[in-house]
Every structure is written in C-alpha cells, then in structure tokens.
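S.K.: Each residue of the first sequence is one higher than the one before, starting from 60 at the first, in my numbering.
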Amino acid sequence: MTGNQDNFRTRVYGLVAEIPTGRVMTYGDIAACCGVAHAARIVGGLAHFGPSELPWHRVINRFGGLASGFPGGREVQSALLAAEGVECPDYIVSNFKELRWQPII
DNA sequence: CGAGTGACCGCAA
DNA sequence: ATTGCGGCCACTC
Numbered sequence: 060m061t062g063n064q065d066n067f068r069t070r071v072y073g074l075v076a077e078i079p080t081g082r083v084m085t086y087g088d089i090a091a092c093c094g095v096a097h098a099a100r101i102v103g104g105l106a107h108f109g110p111s112e113l114p115w116h117r118v119i120n121r122f123g124g125l126a127s128g129f130p131g132g133r134e135v136q137s138a139l140l141a142a143e144g145v146e147c148p149d150y151i152v153s154n155f156k157e158l159r160w161q162p163i164i
C-alpha cells in the first residue's frame with residue numbers, strides 16, 4: 060500500500076467494509092489489525108459515528124456476543140447476521156470462532 | 001484548545 | 001468458578 064493509512068479511523072472503516080458476507084470480526088481484532096491493540100473501544104466509538112453503509116452488524120465483541128447500542132437493537136443485528144447465514148441464537152454467535160474472519164496482511 | 005465519552009478488554013479478589 | 005473494577009486510545013463536541 061501506498062498509502063491509505065491516513066488515520067486510524069480510515070483503516071477501521073476500510074477493514075469493516077472488507078468483511079465478507081457470512082463472516083464476523085471482533086473489535087479487538089479490528090483495532091489490533093489497524094495497529095492499536097488496546098483500541099477496541101475506539102472501534103465501537105467510530106461505529107457510532109461511522110457510515111451505516113458498513114456492515115457493523117458483522118462486528119461483535121470478544122465473547123462472540125452482539126454489541127449494544129446497535130441501531131434498532133440486537134434483534135435487528137441478529138436478524139441481519141441470520142440473513143447472512145450466521146446463527147446467533149441468544150444473541151450470541153455459536154460458530155463465532157469458525158466465522159471469525161481475518162484480513163490477509 | 002480542553003475535556004468527556006465510548007457498540008471494549010483484561011485482570012484481581 | 002464467578003463477579004466487579006479499572007485502564008487504554010482515539011474520536012467528537
């Protein structure tokens with residue numbers, strides 16, 4: 060890359076936008092992949108102000124559970140994941156370990 | 001410019 | 001094993 064690492068926020072948006080369908084990612088992994096390991100909170104903060112075009116519903120916490128504050132509620136997020144083939148029965152992704160996606164560095 | 005907040009995570013008792 | 005607390009970084013107002 061030639062450079063699109065303008066800001067941490069830019070990387071997060073680009074990375075979330077690259078998450079394939081049927082896959083999920085954790086806040087800690089996204090932050091660590093962007094270069095900051097202890098910035099999982101920031102990823103959530105950016106999501107609050109980030110573009111709704113990005114698949115934020117594919118972003119979950121470290122336990123594989125759906126996040127809070129999602130526009131609509133966790134039921135909407137779980138519905139979106141279910142529509143992509145991800146099973147989240149109690150608002151928790153069961154195969155979360157298997158669906159955990161990671162970019163190729 | 002400064003301060004506060006956050007859709008988190010890890011550790012300790 | 002479980003629960004509760006604090007810390008860390010970047011963004012926004």
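Glycine included, C-beta positions come from ideal geometry on N, C-alpha and C.
Between Ile-89 and Val-135, which are expected to be in contact by the criterion C-beta below 8 Å, what is the C-beta distance as a whole number of angstroms?
M.R.: Taking the first sequence and counting its residues from 1, the one referred to as residue 89 is at position 30. Taking the first sequence and counting its residues from 1, the one referred to as residue 135 is at position 76. 21 Å between Cβ atoms; not a contact.
S.K.: Count the other CB atoms within 10 Å of the CB of Gly-103; is the residue buried (16 or more) or exposed (fewer)?
M.R.: Here residue 103 corresponds to residue number 44 of the first sequence, with the count starting at 1. Gly-103 comes out buried.
S.K.: Could you give the DSSP three-state label for Gly-39: helix, strand or coil?
M.R.: Beyond the ends of the chain as shown, which are 60 and 164, falls residue 39; an answer cannot be given.
S.K.: Bridge partners of Gly-166, per DSSP?
M.R.: Any property of residue 166 remains undetermined from this structure, which presents the chain solely from 60 to 164.
S.K.: State the beta-bridge partners of Ile-119 as determined by DSSP.
M.R.: Position 60 of the first sequence, counting from 1, holds the residue named residue 119. DSSP output for Ile-119 lists Thr-85 as bridge partner(s).
S.K.: Contact check, Gly-124 vs Ile-101 under 8 Å by CB: the rounded distance?
M.R.: Taking the first residue of the first sequence as 1, we reach residue 124 at position 65. Taking the first residue of the first sequence as 1, we reach residue 101 at position 42. That belief does not hold up - the Cβ atoms of Gly-124 and Ile-101 are roughly 19 Å apart, past 8 Å.
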